[in-house]
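Visitor: Counting the sequence shown from 1 gives a position; our numbering is that position plus 40.
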Amino acid sequence: MKRKLTPKQRKFANEFIKTNNAYQSAINAGYSKNYASVGTKKLLENVRIQNYIQQKTGDVEKRESVEADEVLKNIYRISAGKEIERHYVKIDNLAKEAVGGDDSIEARMEYMTDETTITPASTKEQVAAAELWFKLSGRQKNDSKDVEDQKIRKLKADADIAEAKSKRSSKDNQQVVINFTDDLPDDGQQNT
């Protein structure tokens, strides 16, 4: 015989999922403050409560995974130039002017219609989707190694300049010399 959670245990588990605060979750579930301060460990170790929380989180992961899969499919379809379904509202401006300033739903129904088309995305949208697809799949990096190295070098130079300015302002009338060094690894290629 499988034992179910009591209503308080279920309430505790749901509150704990929302807040991750065992003490407050116990209070919100109807347990006394005394029990909440000493009994939350027992509640969290309860196998039925643990199973309930795991089942709830697993259900969410499944639903979110399905939704994420749909988003990824659409990104891929757009990047591949396949036909996609687009929904939009078409507004007849002449009919809108005829209705005047009436903004009621009935008036809007006179000049607005829902339209659907099935066409490939524009080239610009396809390129953007392809870039996103390649980034998500790990086949495109934001910057090359050389660009990343140059950014690091610039950050170091900016830090050296800021330090020199700080020293100069604290030591009036003393000459400050800034030495720049290129401590990037030499891979046998010259930077341009």
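Even glycine gets a Cβ: it sits at the ideal position worked out from N, Cα and C.
These numbers come from a predicted model, not from an experiment.
(1) State the DSSP-derived secondary structure class of tyrosine 40, mapped to helix, strand or coil.
(2) Determine which residues share a DSSP beta bridge with glutamate 107 and list them.
(3) Which residues in the same chain have their Cβ closer than 7 Å to the Cβ of lysine 96, if we skip the five residues on either side of it in sequence?
(4) Looking only at C-alpha atoms, which of Thr157, Leu134, Ala161 and Glu165 sits nearest to tyrosine 151?
(5) Under the assumption that asparagine 68 contacts glutamate 55 (Cβ atoms under 8 Å), give the Cβ distance between them as a whole number of angstroms.
(6) Mind checking whether the beta-carbon of alanine 69 lies closer than 7 Å to any heavy atom of the ligand ADP?
(7) Label leucine 195 either buried or exposed according to how many other C-beta atoms from any shown protein chain fall within 10 Å of its C-beta, with 16 as the threshold for buried.
(8) Cα separation between alanine 53 and alanine 108?
(9) Report all residues from its chain with a CB closer than 8 Å to the CB of glutamate 125; omit the five preceding and five following residues, and keep chain order.
(10) Would you tell me roughly how many angstroms separate the C-alpha atoms of threonine 80 and serine 162, rounded to the nearest one?
(11) If we count the other Cβ atoms within 10 Å of its Cβ and call it buried at 16 or more, is isoleucine 131 buried or exposed?
(12) Per DSSP, what kind of secondary structure is aspartate 154 in: helix, strand or coil?
Guide: In short:
(1) Residue 40 falls outside the range modelled here, since the chain spans only 41 to 232, and no answer is possible.
(2) BP columns for glutamate 107 are empty, so no partner.
(3) Ile57
(4) Leu134
(5) 5 Å
(6) Only the bare structure without any ligand can be found here, which leaves the ligand ADP out of the picture.
(7) exposed
(8) 26 Å
(9) Thr156, Thr157 and Ile158
(10) 57 Å
(11) exposed
(12) strand
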